[in-house]
Every structure is written in structure tokens, then in C-alpha cells.
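Numbering (our numbering), first residue to last: 335 to 537.
Glycine included, every Cβ here is placed at the ideal spot set by N, Cα and C.
Shown next, in C-alpha cells, is the structure this report addresses.
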Amino acid sequence: MATKIRLSRGGAKKRPFYRIVVADSRSPRDGRFIERVGTYNPMVAKDHPERIVLKEDRIKHWLAHGALPTDRVARFLGAADIIEKPVHAEQTKQHLPKEKTLERIREKQEAQKAAQEAAAAEAETAASAPTPTVSETVAEEAPAEEAKAEEAPVEEAKAEEAPVEEAKAEEAPAEEAKAEEAPAEEAKAEETPAKEEKEAKAK
């Protein structure tokens with residue numbers, strides 16, 4: 335009978351827990367087994383002591399009787415120095431990123447380098463530029479204050495002109511009313527001679 339040391343899955347959905355068992359190679363994965371020789375709990379941290387628990391004496395016994403460990407169990411046993419660490423075959427190129435993804439990665443790296451170089455150049459120019467002294471800053475602020483002082487009288491003059499313009503706007507309707515009254519007076523003046531002529535004729 336060919337025996338194997340392998341994993342038998344237990345636990346709940348999405349929370350696996352494995353038993354390390356010695357079983358007949360023809361039995362199903364979660365089926366009958368001969369002996370339980372350890373446990374493997376992938377849900378705990380890698381440095382946790384209960385992640386992998388092995389009964390070393392029983393494992394050595396079954397290895398001496400011709401039991402063969404599966405690849406995963408062989409890794410566990412190699413890490414525990416029960417057997418020699420298995421040699422891992424090199425992976426194929428399928429796990430490597432494709433050409434387009436590699437190009438995108440290169441472009442991102444180049445853009446980051448360019449941004450870093452630009453930031454370094456700006457920092458160098460800022461460091462090399464002379465810092466303005468107090469007298470220079472005062473001299474720069476003085477023209478700005480003078481310009482503000484010149485603008486102030488202009489604004490005051492505009493503020494004084496505004497009431498005058500309002501008064502003119504108020505007088506304009508009065509002048510229009512006078513202009514309307516003038517034709518009415520002319521009409522009255524024309525009517526008075528006509529009345530006098532009629533009276534003279536009547537006499």
C-alpha cells in the first residue's frame with residue numbers, strides 16, 4: 335500500500351484549517367486516513383506558533399516506512415529540518431508581467447525621476463538666489479504705498495463728483511418740464527390777439 339503524508343481540509347467556508355495526515359494514496363483528499371501527524375492553520379500569522387504543528391517522531395516513523403510527503407508538506411518538513419528542503423523549479427514566464435505593463439512601469443518610473451529632478455533643480459535655484467535684505471523689502475514696499483497714496487485723492491474726487499452728478503440728474507426733469515410749459519405759453523400769446531380782433535369786429 336502506497337502511503338502519503340498530505341493535507342486534509344477542514345474548517346468553514348473561507349476559513350480553512352488543514353490536518354496533516356498519513357493516508358492511502360488512493361483515498362480521497364478529505365476521506366479516510368491512517369493517522370493524524372500535525373495541523374496547518376493558514377488563518378493565523380506566519381510567525382504564530384500554532385500555524386504549523388508537527389509530530390516529528392511519528393512523521394519520521396512513517397517516512398522510514400516509505401510514506402511520501404506532498405509538495406506542500408515537504409516544504410513544511412524542510413522548514414522544520416525533518417527532511418532536506420525541496421528544490422523549487424523555476425517558474426515559467428506566465429507569472430511575469432506582459433510587455434505593455436512593463437512599458438507602463440518604465441514610463442511611471444521615468445516620470446517620477448523627472449519630477450524629482452525638477453524638484454531638485456527648483457530647490458537649487460531657490461538656494462542659490464540671494465535672500466532680500468530688510469532695506470530692499472522696505473524699498474520695494476515704498477513705491478506700492480506711494481501709488482496707493484496717489485490713488486486715494488482720485489477716489490476722493492470721484493466721491494465728490496458723484497453728488498454733483500446726482501443733482502444734475504435731478505435738475506434735468508425740471509428743465510424738461512419748463513420746456514414743455516413754454517409751448518403752452520406761446521399758444522396763449524397767439525390766442526389773445528385773435529380775441530381782440532373778434533371784439534373789435536363785434537363793436
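{"Asked": "Spatial distance of E369 from P350 (CA atoms)", "Found": "20 Å"}
{"Asked": "Cβ separation of I417 and A408, assumed to be a contact under 8 Å, to the nearest whole Å", "Found": "7 Å"}
{"Asked": "At least 3 beta-carbon pairs within less than 8 Å: the stretch 389-404 vs the stretch 424-440", "Found": "no"}
{"Asked": "Status (buried if at least 16 other CB within 10 Å, exposed otherwise) for A401", "Found": "buried"}
{"Asked": "Continuous beta strand (DSSP E) stretch holding V407: start and end", "Found": "V407 -> not in any beta strand (DSSP E); alpha helix (DSSP H) instead, spanning D405 to A413."}
{"Asked": "Residues near N375 in its chain [Cβ-Cβ closer than 7 Å; skip 5 each side]", "Found": "F351, E384 and R385"}
{"Asked": "The alpha helix (DSSP H) enclosing D358, as first and last residue numbers", "Found": "Not the alpha helix (DSSP H): D358 falls in the beta strand (DSSP E), residues R349 to D358."}
{"Asked": "Under 7 Å between C-beta atoms of R340 and D364", "Found": "no"}
{"Asked": "Strand pairing of L388, partner residues [DSSP]", "Found": "G372"}
{"Asked": "Same chain only: Cβ atoms within 8 Å of S361, ignoring 5 sequence neighbours per side", "Found": "F367"}
{"Asked": "Proximity below 7 Å, CB of S359 to CB of K338", "Found": "yes"}
{"Asked": "Alpha-carbon spacing of A457 relative to D405, whole angstroms", "Found": "56 Å"}
{"Asked": "Residues near A336 in its chain [Cβ-Cβ closer than 6 Å; skip 5 each side]", "Found": "S359"}
{"Asked": "Cβ shell of H399 (< 7 Å), same chain only, five flanking positions each side left out", "Found": "none"}
{"Asked": "Euclidean distance between Cα positions of Q446 and I439", "Found": "11 Å"}
{"Asked": "For K432 and R353, the rounded distance between their alpha carbons", "Found": "38 Å"}
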